[in-house]
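The letter at position 384 of the sequence shown is residue 526 when you use the working numbering, and the numbering goes up by one with no holes. Beneath this line is the structure, given in structure tokens, with notes to follow.
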Amino acid sequence: MTKKNGHDQQDIGGLEDRIVEDVYGTRQYTLDGLCEKIIEQFGMETNGRLDILADLNTLQKQKQAIREVAEYVLGVESVMLQGQERTWLLDRLHRDLYRFGALETVLNDEAVTEININSPKEIFLRRGFGDLERVNVSFRDGTQLAQMLQRVLTPLGFDLWKGEPFIETGLKLMGRPVRFSLAGPPMTPYYTGQIRLHPSQPMTWDDLQGSIPKIAADMLMGIVRNGHGLLMVGDGGMGKTTLLANLLAASRAEKSGLVQRAPEIQPNYLPPHATDYTLISADAPSTANFEKQIRAALGMRGLFLDEIQGDEGTAFWQVLSSDTKPQVVATFRGKANIARLYSAIGMVVRKVYRSVPQSQIDAALMERLPFVAILEQQEAGQAPRMSLIGQWARVEEGEAGLTIEPLLTWARGDDRPKRTDIQMRLESD
143 MTKKNGHDQQ DIGGLEDRIV EDVYGTRQYT LDGLCEKIIE QFGMETNGRL
193 DILADLNTLQ KQKQAIREVA EYVLGVESVM LQGQERTWLL DRLHRDLYRF
243 GALETVLNDE AVTEININSP KEIFLRRGFG DLERVNVSFR DGTQLAQMLQ
293 RVLTPLGFDL WKGEPFIETG LKLMGRPVRF SLAGPPMTPY YTGQIRLHPS
343 QPMTWDDLQG SIPKIAADML MGIVRNGHGL LMVGDGGMGK TTLLANLLAA
393 SRAEKSGLVQ RAPEIQPNYL PPHATDYTLI SADAPSTANF EKQIRAALGM
443 RGLFLDEIQG DEGTAFWQVL SSDTKPQVVA TFRGKANIAR LYSAIGMVVR
493 KVYRSVPQSQ IDAALMERLP FVAILEQQEA GQAPRMSLIG QWARVEEGEA
543 GLTIEPLLTW ARGDDRPKRT DIQMRLESD
């Protein structure tokens, strides 16, 4: 017996190739082969039946359902299993049907921060901030992969058998907040995408010292505590969500609303002044949910958003132009390039609102999101750094557009960030 994330789990290795015979001695099976037959039968009885899957919501119910299907298949094949073989079979079935099958070992490893599924046979993982590496785990086919995903996502209402071409959601698995970003049929032959795993315990400012030293953390907290807007920019996996959670806790806003594309910040870790508006519905695309949730939260004094992407023009502009004028602290997925960032933000808005002039977008940025922080990985395999904290500023008189004045920089090769001589235009602690 082993213990993972506080839960006892049976050791299920070593018997998959064991040969067993039927009671007549005429047919032979491996235990792994019997597993496949039972899983196939289970799928025939439950595929497309969210009512059945949703009802199997306790360990006792799950094990009872497995025993019933296993006994039926073993009876059809005239196989009798006893002792170790029966225990192994039932636990293996529970692993594959109600835990995470081929991904079980990977998910149990706290060092794993990302899983990429290129195909049922091609799975890659990232440990810490290292490179993606291929792992020797796989699913039998796209159906087995979809079955595992369906069982995990059933509590959220997703029905993969009806076709869910894009899934972006989050939940807690094996004690860890997990984000799913997947594409599947009919857009692709089988489900592919990314599973991002957070630590079982949320990271604090002390944990972030390697990426965001005290001088940077103090500046960011000063900006937020004084009610100013802040845009945090970086690629996926750079720590934007973790930073947002810590800034939400530091906020002095009497009432703050949190809206997430996927619920990675768990409700039990929210400060008392925060309300979680995140509501993932399988009945609508994640973009539509995000926009609806933002509209619901606009009346809050503080608005914390995770994350704005390139197709979020409607949501982004309603935040920048809302008459309620909330303090906005948001994450934005993008490259750590100042010139491209300015252009990308303009494009996000104008893809939806073509008549909005750039000058109006500039004014909204200066008012609602006056400060910008950039997180980037400067060296492969190393933790990301807060490479820049700056403020939007107009370019030279007579020219249109905005640039970012650096207030604090952490250049490649430096051992710590440095404060520049440029003064903040807005008051901060």
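The beta carbon of each residue, even a glycine, is placed where N, CA and C say it ideally should be. All values reported here derive from a predicted model rather than from experimental measurement.
The DSSP-derived three-state label of W303 is helix. In this chain, Q500 is not harboured by any beta strand (DSSP E); it is covered by the alpha helix (DSSP H) spanning Q500 to R510. Within the same chain, K314 and P319 come within 7 Å of Q408 by CB-CB distance, once the 5 residues on both sides are set aside. In the DSSP assignment, G312 falls within the unbroken beta strand (DSSP E) covering F308 to L315. For A535, the three-state secondary structure derived from DSSP is strand. C-alpha of C177 to C-alpha of L239: approximately 10 Å in a straight line. Per the coordinates, the alpha-carbon of S342 lies some 6 Å from the alpha-carbon of G317. When DSSP states are grouped into helix, strand and coil, A253 belongs to the coil group. Residue state for I337 is assigned as strand, using DSSP reduced to three classes.
Rounded to the nearest whole angstrom, the CA to CA distance from L362 to L389 is 8 Å. Counting along the chain, no alpha helix (DSSP H) covers Q565, and no H or E run does either. The beta-bridge partner set that DSSP reports for A325 consists of F308 and T334. Of the residues R209, Q520 and R293, the one whose Cα lies closest to the Cα of G243 is R293.
With a cutoff of 8 Å on beta-carbon distance, K382 and E449 are scored as near each other. Beta-bridge partners of R492 (DSSP): none assigned.
Here F432 carries a helix assignment [DSSP, helix/strand/coil]. For the pair Q533 and R527, the CB atoms are not nearer than the 8 Å cut-off.
Judged by their CB atoms, Q502 and A542 are not nearer to each other than the 8 Å cut-off.
Here DSSP, grouped into helix, strand and coil, assigns R268 to strand. Using a Cβ distance threshold of 8 Å, A515 and F271 do not count as a contacting pair. Using a Cβ distance threshold of 8 Å, R437 and K397 do not count as a contacting pair. Two segments are said to touch when three or more pairs of C-beta atoms, one from each, lie closer than 8 Å; by this definition the region 245-263 touches the region 325-339.
The beta carbon of R276 sits closer than 6 Å to those of F266, all from its chain and outside the five residues before and after it, given in chain order. Distances from the alpha-carbon of L216 to those of T296, I180, E518 and V248 put I180 closest.
It is roughly 46 Å from the alpha-carbon of K467 to the alpha-carbon of L198. Sequence-distant partners of L295 (beyond 5 residues in either direction) whose C-beta falls short of 6 Å from its own C-beta are missing from its chain. Contact between L400 and A416 holds: CB atoms are separated by about 5 Å, below the 8 Å threshold. For R475, the closest of L235, G378 and E433 by C-alpha to C-alpha distance is G378. Straight-line measurement puts the Cα of K263 at about 12 Å from the Cα of L245. DSSP places F184 inside the alpha helix (DSSP H), whose first and last residues are L173 to T188. The beta-carbon separation of V211 and E227, rounded to 17 Å, does not stay under the 8 Å limit for a contact. DSSP lists G444 as the beta-bridge partner residues of Q469. The residues G371, L462 and V470, in chain order, have a CB closer than 6 Å to that of R510 in the same chain once the five nearest residues on each side in sequence are set aside. In this structure, L447 lies near A472, with their beta-carbon atoms less than 8 Å apart. When the five nearest sequence neighbours on each side are left out, no beta carbon in the same chain lies closer than 7 Å to the beta carbon of T168. In chain order, G543, L544 and T545 place their CB closer than 8 Å to the CB of V537, counting only its own chain and leaving out the 5 sequence neighbours on each side.
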